[in-house]
Amino acid sequence: MFGRSPSAASGLEKAFGADYALFCRAAEKLGAVFEAEKAGGQYQWSYTLLPKVPVKNMYYEGDDEYPTRIPILYDKTAIQIYKFEPLAVLNICFIEGFASIGESL
118 MFGRSPSAAS GLEKAFGADY ALFCRAAEKL GAVFEAEKAG GQYQWSYTLL
168 PKVPVKNMYY EGDDEYPTRI PILYDKTAIQ IYKFEPLAVL NICFIEGFAS
218 IGESL
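Right under this line is the structure:
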């Protein structure tokens, strides 16, 4: 039910890199709810950015072969409620705000 924001990952990966503890502190400051920890260093957080726009933020720990990935997954119904342009702006604001909080910690 969730679709990935293609440009989202690079901004959060630059901001947090492999520092999951910093990512956690920033996510908590944003009011995120920790949902699950899966095998292999996969973590899932959820937010509600606007009414009826649930968002999941995944954190995949990197290793020697693969870098850390932090994709943002938007509910696929969001595009039925809001036009694309406002969602694109929301995505940019979310990334910049999240990164800014990380920098301030």
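For the sequence shown, the working numbering assigns the number 118 to the initial residue and increments by one for each residue that follows.
Ideal Cβ positions, reconstructed from N, Cα and C, are used throughout, including at glycine.
What you are looking at is a predicted structure, and each value in this text was computed from that prediction instead of being measured.
Terminal residues of the continuous alpha helix (DSSP H) containing residue 184?
Where residue 184 is concerned, there is no enclosing alpha helix (DSSP H), given that its DSSP letter is neither H nor E.
Which class does residue 132 belong to by DSSP, given the choice of helix, strand or coil?
Helix at residue 132.
By Cβ distance below 7 Å, which residues in the same chain neighbour residue 171 in space, the five residues on each side in sequence not counted?
Closer than 7 Å at Cβ, skipping near neighbours: 163, 165, 192.
Let's test the definition: count the other Cβ atoms within 10 Å of the Cβ of residue 247 and tell me whether it reaches 16, buried, or not, exposed.
The chain is shown from 118 up to 222; residue 247 falls before or after that span and cannot be answered.
Selected residue, minimal CA-CA separation from residue 157, among 135, 204, 177
177
Which value, in whole angstroms, describes the spacing of the CA atoms of residue 145 and residue 202?
About 27 Å.
With a threshold of 7 Å on Cβ separation, who are the neighbours of residue 161 within its own chain once the five nearest residues in sequence on each side are excluded?
152, 153, 173, 175
Is it right to say residue 198 is buried, meaning 16 or more other beta carbons lie within 10 angstroms of its own, or is it exposed?
With fewer than 16 Cβ atoms within 10 Å of its Cβ, residue 198 is classed as exposed.
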